[in-house]
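Here the sequence shown is numbered in the UniProt record's numbering, starting from 1 and rising by one per residue. Glycine residues also receive a C-beta, built at the ideal position from the N, C-alpha and C atoms.
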Amino acid sequence: MEKNIKFPVVDLSKLNGEERDQTMALIDDACQNWGFFELVNHGIPYDLMDNIERMTKEHYKKFMEQKFKEMLRSKGLDTLETEVENVDWESTFFLHHLPQTNLYDIPDMSDEYRAAMKDFGKRLENLAEELLDLLCENLGLEKGYLKKMFRGTKSPTFGTKVSNYPPCPKPEMIKGLRAHTDAGGLILLFQDDKVSGLQLLKDGVWVDVPPLKHSIVINLGDQLEVITNGKYKSIMHRVMTQKEGNRMSIASFYNPGSDAEISPAPSLVEKGSEYPSFVFDDYMKLYAGVKFQPKEPRFEAMKNVAATTDLSQVATVETF
């Protein structure tokens, strides 16, 4: 990271004191100019986070590490000789929280791990909704506007991607996760504080997202860029592989419901919008095939869904 670039770190506890205005301004600036910020003093118990980290790493070691090594062999990645651009060096599983949970369907999870992830997921859901209202305040939108738009006819979509990025013998040959913007709404990341790797693209330069103990990294997805009519931006980011250390990443995605109608907020549109209006599920069907490509053509394609490929025939993708 360049020395003159200071990554935005937000102390959420300051919202309750004399520094509220400065804290709200910091959040607004981060949303406009970074698409990312890091939360400290966010209210989620540190002992819960410590337990989640311990159990996530134990779960990988016991149940997923061998499967990951077998995957490497099957794809010829155990002996990297040339750069690979269409595969990610990561081991993942997905938890759904809303509208329905699959927490009790995931194999090999201990009762303790399930209970902790259920508690953690609920706390992150509450934090996401608190943050959406803070964004409304900064944007001059009615409180609850973003939550209502995300809800659709039933509920938002909320889920967690649990990832491990094991050591890679040749990190210059393959990414942990290729560069992309997130399709959805608000992303809340609990990342390893010892093994780094997450980077975002700012002003043409890849910047490290600093690993801070017990922090929650926040980033904005494509839907918030559309709703804010481009005032807030989703940002390209990636995960770099490392020669040493297994990086843990627990990313929770607070996204619109599948039938939610997304469009720029009228109060943020002055002379017409360059952003489309669409149903979130239609956007996800398009995103499935172009996740690792620039977002601008996606927005352009959604302006006239009828003129694009039959989206119902595109492979589905996780909505978080």
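8 Å Cβ shell around residue i - same chain, five flanking residues per side excluded
i, result
"residue 194", "211, 245"
"residue 46", "214"
"residue 138", "24, 27, 28, 31"
"residue 290", "297, 298"
"residue 199", "206, 207, 208, 209, 237, 238, 239, 240"
For residue i, the three-state DSSP class (helix, strand or coil)
i, result
"residue 113", "helix"
"residue 16", "helix"
"residue 194", "coil"
"residue 78", "coil"
"residue 164", "strand"
"residue 267", "helix"
"residue 212", "coil"
"residue 98", "strand"
"residue 51", "helix"
"residue 182", "coil"
"residue 231", "coil"
"residue 304", "coil"
"residue 141", "coil"
"residue 60", "helix"
"residue 312", "Caution is warranted here: a pLDDT of 43 is assigned to residue 312, below 50, making its placement in the model unreliable, and no coordinate value can be reported."
"residue 132", "helix"
"residue 83", "coil"
"residue 107", "coil"
Neighbourhood of residue i by C-beta distance below 6 Å, restricted to the same chain and skipping five residues each side
i, result
"residue 77", "none"
"residue 74", "none"
"residue 55", "113"
"residue 273", "229, 264"
"residue 93", "162"
"residue 277", "263"
"residue 313", "Because residue 313 carries a pLDDT of 43, less than 50, the predicted location of this residue cannot be relied on, and no value is offered for it."
Cβ-based neighbour list, residue i, same chain, cut-off 7 Å, excluding 5 preceding and 5 following
i, result
"residue 295", "181, 222, 234"
Residue i vs residue j beta-carbon contact at 8 Å
i, j, result
"residue 140", "residue 96", "no"
"residue 17", "residue 152", "no"
"residue 188", "residue 124", "yes"
"residue 156", "residue 254", "yes"
"residue 174", "residue 80", "yes"
"residue 165", "residue 239", "yes"
"residue 243", "residue 297", "no"
"residue 177", "residue 220", "no"
"residue 7", "residue 209", "yes"
"residue 115", "residue 48", "no"
"residue 248", "residue 65", "no"
"residue 43", "residue 252", "no"
"residue 179", "residue 292", "yes"
Residue i - partner residues in DSSP beta bridges
i, result
"residue 205", "202"
"residue 11", "40"
"residue 188", "218, 252"
"residue 177", "239"
"residue 262", "278"
"residue 93", "162"
"residue 157", "255"
"residue 247", "165"
Neighbour flag for residue i against chain B, beta carbons, 8 Å
i, result
"residue 141", "Absent here is chain B; the protein component of the structure consists of one chain."
Any non-hydrogen atom of the ligand MG within 7 Å of residue i CB
i, result
"residue 133", "The ligand MG is not part of the structure shown, which contains no ligands of any sort."
Self-check item: Any 3 or more C-beta pairs closer than 8 Å across the segment 220-234 and the segment 63-77
Solution: no
Quiz item: Any chance the segment 54-65 sits against the segment 122-142, with 3 or more Cβ pairs inside 8 Å?
Solution: The answer is no - the segment 122-142 does not touch the segment 54-65, with fewer than three Cβ pairs under 8 Å.
Quiz item: Can at least three beta-carbon pairs, one atom from the segment 84-100 and one from the segment 273-289, be found at a separation below 8 Å?
Solution: no
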